[in-house]
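**Student:** One point on numbering: in UniProt numbering, the residue at position 182 of the sequence shown is 182, and numbering is uninterrupted.
Following this message is one structure expressed as structure tokens.
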Amino acid sequence: MIEKVSRPNTESKIREFVDLLGNRVFYCDKNAKIDERLVDKYINKHRKLIGFYEELEKLYNGQHDIYYQKNKGIGKPDHRIAVNFARYVVDSSAAFFNGKPTKITHPDGEVKEFVQNFRKRNEEEDNDAELSKLTAIYGHAYKLLYQNEEAETCVTYLKPTQGFIVYADDLLKAPMFAVLYNKMTKDELTATVYPQNSTETFIFTQDKTSKRLETKRGPTVFQKALSYLLGGKEAIANPYGEVPMIEFMENDERQGRIESVWSLINNYNEALSEKANDVSYFADAYLKMIGVDLADENVASYLRDNRVINSAEPLNEGESVDINFLDKPSSDTTQENLLDRLERLIYQMSMTYNANDESFSNNASGISLEFKMQNPRNLAQAKARKFKKAYAQMYKMIFSLPTNVPANKAKEWFNLEYTFDFNIPRNIKDEAETAQKLEGIVSRETQLGVLSIVPDVTQEMERIKDEETEERLNPQVDFGKFTRNTEEVTEEHE
């Protein structure tokens, strides 16, 4: 049995974290007082989870268990080969979900322009792509709203190792407070605490001697500017009045895409490494020499170091010298079957499509592609619903500030439309044929909606309308037709 060093094996790690797997969300009595004791209690709970999140990150980054096995004995092949399926699963699912940027629109032109400028200023397309990857790794992640020195609302993404949210233990499950780590060492921890329904933030400090929760003081340039814009009211640290940290989830269980295949990936790496060891073993096969007298000590030592087995026992009558290589029983077929089975299970259990599958060729029909992508799309649709809910919560806070939108449009966040265009392989030929067959049966808008190459149906219809208007006002002369008619008239006169 191969011993492990430095890091425990997969099974022991899972046993260590099994009590935490279903406790990635924290609940608290909604009437509880938010003080240093309560904050300290949930920080200690969360710090137990950080080790689990770090193991998932190591798996994604390619720091696999196979590299931490104890070295084998001298003279034994000891290859360490790892196939980073974890990165493939995460990157494929994240690209499928957010390879095409999320579209957020609004019927009001002014509101739509603000949202577009907000997303452009904060580089939200990149933020969303990273957020999709983080939720695929950890099962959930966060966005944090804050104000810069120019009184502009900004947003950034956070790993679940950087903070957490505590929810009320009631039917609504509203956020009670959020904790954002500022500094975390072995002996000291400082964090910012954002309570619900409060415009104040607090600094929690924990060291060897004490725990303190103090109001964050000292108005920033933004707070002074906001105070002026609000008519001279007192400067505030949290202008949203709510918890400005928003949780984005992969699913209700907050389970990432690679947890279900964690042990499969490690077993695949071990099987592949052992197969490489077998190849090296066969390349260094021992030479058997029976009935050959090699009494010289120097010769015998050389042969032993070069994998030669020698027996100088006298041969019986009728026996001859036997010199050949020793063969090890081959388990190649068994190993290949195991590797194939593990690979199929990794794709199957992670519900990830295999881009190298022959069925994803250019000749695959649209129906075939639809069936192949059904599981990834089902997961993406469930994830999209979670993201829509989180986006609504985020834009509700953004719209609450009069520095962002007029007060009479503060509730227009409710009318925002979110469109997730999954990055699905398409058969354009099949789509074009389908759209053509729908001519006269459905509306032009529905007909264009069949085509994946049309990103915005409304905009495409406006282009068609503009082209038709242009053709009526400036009709184009078909000179080819004019030439053909002239030739026909000439032939008749002849």
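Built from N, CA and C at the ideal position, the CB exists for glycine as well.
Note that the coordinates shown come from a computational prediction; the quantities given were computed from them, not determined experimentally.
Can you give the beta carbon distance from T201 to V193, rounded, assuming they're within the 8 Å contact cut?
**Tutor:** For T201 against V193, the beta-carbon gap comes to about 7 Å, under 8 Å, which counts as contact.
**Student:** In this structure, how does DSSP classify T135 when only helix, strand and coil are distinguished?
**Tutor:** helix
**Student:** Out of G256, D332, I246, point me to the one whose CA is closest to S273's CA.
**Tutor:** It is D332.
**Student:** Of all the options A271, L189, E431, N356, which has the alpha carbon lying nearest to the alpha carbon of T334?
**Tutor:** A271
**Student:** Rounded to a whole number of angstroms, what is the C-alpha to C-alpha distance between T419 and F248?
**Tutor:** 16 Å
**Student:** Quick one: grab the DSSP three-state call for residue 519.
**Tutor:** Coverage of the chain is limited to positions 1 through 494, which leaves residue 519 absent and any answer about it impossible.
**Student:** Around the C-beta of K383, are 16 or more other C-beta atoms found within 10 angstroms, so that it is buried, or is it exposed?
**Tutor:** buried
**Student:** In the DSSP assignment, the beta strand (DSSP E) including A105 goes from what residue to what residue?
**Tutor:** Before going further, note that residue 105 is Thr rather than Ala in the sequence given. Run containing T105: 103 to 105, per the beta strand (DSSP E) assignment.
**Student:** Rounded to the nearest angstrom, how far is the Cβ of K58 from that of M394, given a contact under 8 Å?
**Tutor:** At roughly 30 Å, the Cβ-Cβ gap does not stay under 8 Å, so K58 and M394 are not in contact.
**Student:** Just the C-alpha distance for S452 and R119, rounded to the nearest angstrom, thanks.
**Tutor:** 24 Å
**Student:** Can you name, in chain order, every residue of its own chain whose Cβ lies under 7 Å from the Cβ of D169, other than the five neighbours on each side?
**Tutor:** Y27, C28, D29, K30
**Student:** Measure the beta-carbon distance from P195 to F177 and round it to whole angstroms, keeping in mind my assumption that it falls under 8 Å.
**Tutor:** Rounded, the Cβ-Cβ distance is 5 Å, consistent with contact.
**Student:** Starting from residue 509, trace the alpha helix (DSSP H) both ways and give me its first and last residue.
**Tutor:** Limits of the chain in this structure are 1 at one end and 494 at the other, which puts residue 509 out of reach.
**Student:** Just tell me which of E125, T153, A32 has its CA closest to the CA of F399.
**Tutor:** T153
**Student:** Roughly how many angstroms lie between the CA atoms of K103 and Y138, to the nearest whole one?
**Tutor:** 25 Å
**Student:** Should the stretch 90 to 107 be called in touch with the stretch 419 to 429, which here means at least 3 C-beta pairs below 8 Å?
**Tutor:** yes
**Student:** Based on DSSP bridge pairs, tell me the residues matched to A141.
**Tutor:** A141 is bridged to F248.
**Student:** In terms of residue numbering, what span does the beta strand (DSSP E) encompassing G163 cover?
**Tutor:** 163 to 168
**Student:** In chain order, what residues of the same chain have a beta carbon less than 7 Å from the beta carbon of A410, not counting five sequence neighbours either side?
**Tutor:** Closer than 7 Å at the Cβ level, and outside the excluded window around A410, lie F399, S400.
**Student:** E242: which of K211, P475, Y167, E433 sits nearest, CA to CA?
**Tutor:** Y167
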